[in-house]
Amino acid sequence: MKVYLETYGCQMNEYDSELIRSILAPHGHEMTAAVEEAEVVLINTCAIRENAHRKIYGRLDMLRPLKKEKKRFVVGVLGCMAQNLKEELFDHPVVSLIVGPDSYRSLPKLIDEVIGTDRQEIEAYLSEYETYGDIAPTRVEGVNAWVAIMRGCDNFCTFCVVPYTRGRERSRSIENILSEVRSLAQKGYRQVTLLGQNVNSYRDEGKRFADLILKVADVPGIERVRFTSPHPKDFPKPLLEAIASHPRICKHIHLPLQAGSDRILDLMARTYTRKEYLRLVEEIRRTIPEIALTTDIIVGFPTETEEDFQETAGLFKDGQFDSAYIFKYSERKGTIASRKYPDDVPPEVKTDRIVRLIDLQRAISLQKNREKIGRTLTVLIDGEADGPGKGAATSKRPGHQMGKTEGNTTVVFPRTPFGPGTMVSVRIHDVSSSTLYGRPVER
Ligand code: 5AD
Ligand code: SF4
447 MKVYLETYGC QMNEYDSELI RSILAPHGHE MTAAVEEAEV VLINTCAIRE
497 NAHRKIYGRL DMLRPLKKEK KRFVVGVLGC MAQNLKEELF DHPVVSLIVG
547 PDSYRSLPKL IDEVIGTDRQ EIEAYLSEYE TYGDIAPTRV EGVNAWVAIM
597 RGCDNFCTFC VVPYTRGRER SRSIENILSE VRSLAQKGYR QVTLLGQNVN
647 SYRDEGKRFA DLILKVADVP GIERVRFTSP HPKDFPKPLL EAIASHPRIC
697 KHIHLPLQAG SDRILDLMAR TYTRKEYLRL VEEIRRTIPE IALTTDIIVG
747 FPTETEEDFQ ETAGLFKDGQ FDSAYIFKYS ERKGTIASRK YPDDVPPEVK
797 TDRIVRLIDL QRAISLQKNR EKIGRTLTVL IDGEADGPGK GAATSKRPGH
847 QMGKTEGNTT VVFPRTPFGP GTMVSVRIHD VSSSTLYGRP VER
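Throughout, the working numbering is defined as the position within the sequence shown, counted from one, plus 446.
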């Protein structure tokens with residue numbers, strides 16, 4: 447059958463879609479990029495905020511005419527929204543298949559059961575063991591490969607749906623991960639990004655994340671290793687030392703803060719205080735002075751006052767992040783916050799706070815980028831700067847290539863003779879808050 451697969455959400459979902467391609471291939475299913483051609487449409491979904499759900503419902507609406515037109519046509523909702531809403535999704539008339547993140551091995555069987563019939567099937571059990579460790583993902587070609595090192599999450603931050611959609615935390619074995627990374631290097635991937643909801647709780651028979659990342663960075667052919675994300679509550683010294691000492695581990699840490707007020711951090715069950723977070727930032731900068739730090743923030747968590755918000759803004763000034771992803775709180779079904787704390791910050795207040803915080807961060811990012819003017823940075827080439835789906839509008843420039851610094855900032859520079867996956871030195875002469883512009887130079 448011809449299968450069209452669309453992916454929303456985080457890198458873990460991108461990775462899962464690669465696994466799904468591998469699960470379907472031996473059953474004679476063929477992937478297609480044209481939805482009109484497909485007999486099976488699979489949408490791998492996200493549940494993290496309400497607008498993720500809205501987007502999927504919009505997409506399902508767009509499939510209505512195809513569903514009417516075609517006799518053999520299956521629409522399956524996969525991933526986090528499937529796990530979160532379960533049968534509720536059958537209320538949408540096009541959906542006949544619902545499959546959660548731990549049930550992808552059943553996909554071929556489930557597709558066979560529903561295709562050409564009026565049946566609906568759902569499989570959304572969470573597993574304590576499934577890591578898909580034996581399945582080699584079918585990746586689209588590129589410079590970077592995502593590698594899930596663990597699945598699920600045991601943190602239960604009160605706002606977050608992930609522990610309910612992806613279940614309990616489980617790690618893949620080091621050997622299993624290393625053999626995947628070795629084969630990636632042979633296939634020409636130059637960068638791997640290790641993925642987990644909280645990489646600092648990775649464990650494999652007494653070995654921890656720092657042991658794993660050092661081994662991954664030693665795989666011949668891999669030039670850069672990234673990871674996302676660690677939880678600030680249990681950041682181990684050996685990991686800092688690993689990042690500091692290994693030239694192929696990127697000097698970038700994404701360290702989600704979520705809020706700068708102790709009262710809100712407590713309601714979020716983040717288990718650290720503002721002071722502890724700042725102390726960690728200091729220790730990171732002392733150990734690795736050139737580190738790039740990025741973060742995630744939620745504004746408008748229940749009961750957040752202007753004073754609480756000001757504490758977050760103040761921490762931005764003290765913490766000097768290179769960049770930040772800032773979100774408005776969105777109440778999620780099944781979470782602790784949805785049961786305990788009414789979503790009482792008015793939408794216009796959330797909007798006002800997000801706008802102010804984005805403006806503040808933009809000024810800080812611009813300042814930090816300006817400090818790079820005149821410096822020569824090592825850039826891993828991603829591809830053409832005006833390629834489809836690449837980067838922000840500001841980085842689309844014909845005749846130019848783009849790439850990433852170690853700190854994960856986008857750099858745009860006149861086209862070189864080198865292709866994606868090559869490291870070049872670029873001297874920076876101009877910047878915006880999100881992009882560096884430069885010229886390639888000989889070192
Ligand atoms: N509302 C808004 N943002 C959220 N995030 C997680 N859950 C929610 C929610 N309910 C944000 C957090 C997390 C990032 C991936 O998404 O900042 O780090
Ligand atoms: Fe990824 Fe979380 Fe969205 Fe699931 S809910 S796709 S884990 S961001």
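Note that the Cβ used here is the ideal one computed from N, Cα and C, for glycine as well.
Note that this is a predicted model, so its numbers are computed, not measured.
Item to check | Cβ-based neighbour list, Y578, same chain, cut-off 6 Å, excluding 5 preceding and 5 following | outcome: L465
Checklist entry - Does DSSP put Q632 in a helix, in a strand, or in coil? => result helix
Next on the checklist: I'd like to check one pair, S675 with G642: are the Cβ atoms closer than 9 Å?
Outcome noted: yes
Checklist entry - In terms of residues, what are the limits of the beta strand (DSSP E) holding I695? => result From DSSP, I695 is part of no beta strand (DSSP E); its letter is neither H nor E.
Next on the checklist: Using a Cβ-based criterion (distance less than 8 Å to any ligand heavy atom), does T702 qualify as near the ligand 5AD?
Outcome noted: The sequence shown places Pro at residue 702, not Thr. Under cutoff, so the answer is yes.
Checklist entry - Closest Cβ-Cβ distance between A493 and chain B: below 9 Å? => result In the structure shown, chain B cannot be found, because there is only a single protein chain.
Next on the checklist: Is the beta carbon of T717 closer than 9 Å to that of K661?
Outcome noted: no
Item to check | Start and end residues, beta strand (DSSP E) containing S468 | outcome: First-last for S468: Q457 to L470, but that is the alpha helix (DSSP H), not the beta strand (DSSP E).
Checklist entry - So what's S811 in DSSP terms, helix, strand or just coil? => result helix
Checklist entry - Going by Cα to Cα distance, which pick from S625, I668, H698 and M527 is closest to Q854? => result Before going further, note that residue 854 is Asn rather than Gln in the sequence given. Of the candidates S625, I668, H698 and M527, the one whose C-alpha sits nearest the C-alpha of N854 is H698.
Checklist entry - Nearest-angstrom Cα distance between F755 and N497? => result 23 Å
Item to check | Option in D462, A484, E576 and H538 with minimal Cα separation from V449 | outcome: A484
Item to check | beta strand (DSSP E) segment containing D876, residue limits | outcome: M869 to V877
Checklist entry - Does DSSP classify E615 as helix, strand or coil? => result coil
Checklist entry - Helix, strand or coil: how does DSSP classify F773 here? => result strand
Checklist entry - At which residues does the alpha helix (DSSP H) containing L524 begin and terminate? => result First-last for L524: V520 to G525, but that is the beta strand (DSSP E), not the alpha helix (DSSP H).
Item to check | DSSP beta-bridge partners of A594 | outcome: L641
Item to check | Start-end ranges of the alpha helix (DSSP H) lying completely within the segment 516-585, minimum 4 residues | outcome: 526-531 and 553-560
Checklist entry - So does Y454 have its beta carbon nearer than 8 Å to some heavy atom of the ligand SF4? => result yes
Checklist entry - Can you name the start and end residues of the beta strand (DSSP E) that Y883 belongs to? => result T881 to V887
Next on the checklist: Counting C-beta neighbours from all protein chains within 10 Å, is the total for M458 16 or more, i.e. buried, or is it exposed?
Outcome noted: buried
Checklist entry - Pick from D712, L703 and E753: whose alpha carbon is nearest that of Q766? => result L703
Checklist entry - To which residues of the same chain is V607 closer than 8 Å at the C-beta, ignoring the five residues directly before and after it? => result A493, I494, C526, N530, R778, K779, G780 and T781
Next on the checklist: If the criterion is Cβ atoms closer than 9 Å, does the pair R694 and Y635 meet it?
Outcome noted: no
Item to check | Straight-line Cα distance separating T453 from I561 | outcome: 21 Å
Item to check | Beta-carbon spacing of D790, T733 below 9 Å | outcome: no
Checklist entry - For P472, does the count of other Cβ atoms within 10 angstroms reach 16, so buried, or fall short, so exposed? => result exposed
Checklist entry - Are the Cβ atoms of E574 and G613 separated by less than 9 Å? => result yes
Checklist entry - Can you find a heavy atom of the ligand SF4 that lies under 8 Å from the Cβ of Q756? => result no
Checklist entry - Would you call Y771 buried or exposed, if buried means 16 or more other Cβ atoms sit within 10 Å of its Cβ? => result exposed
Next on the checklist: Is I744 a contact residue of the ligand SF4, with contact defined as CB to any heavy atom under 8 Å?
Outcome noted: no
Next on the checklist: Between which residues of its own chain and C696 is the CB-CB distance below 6 Å, once the five residues before and five after are set aside?
Outcome noted: R670, R672 and E852
Checklist entry - Hey, would you say K513 sits closer than 9 Å to P539, going by beta carbons? => result yes
Next on the checklist: So, with DSSP's three-state summary, where would you put V795?
Outcome noted: helix
Item to check | Alpha-carbon spacing of P583 relative to N622, whole angstroms | outcome: 13 Å
Checklist entry - Which first and last residues belong to the alpha helix (DSSP H) in which K661 is found? => result F655 to A663
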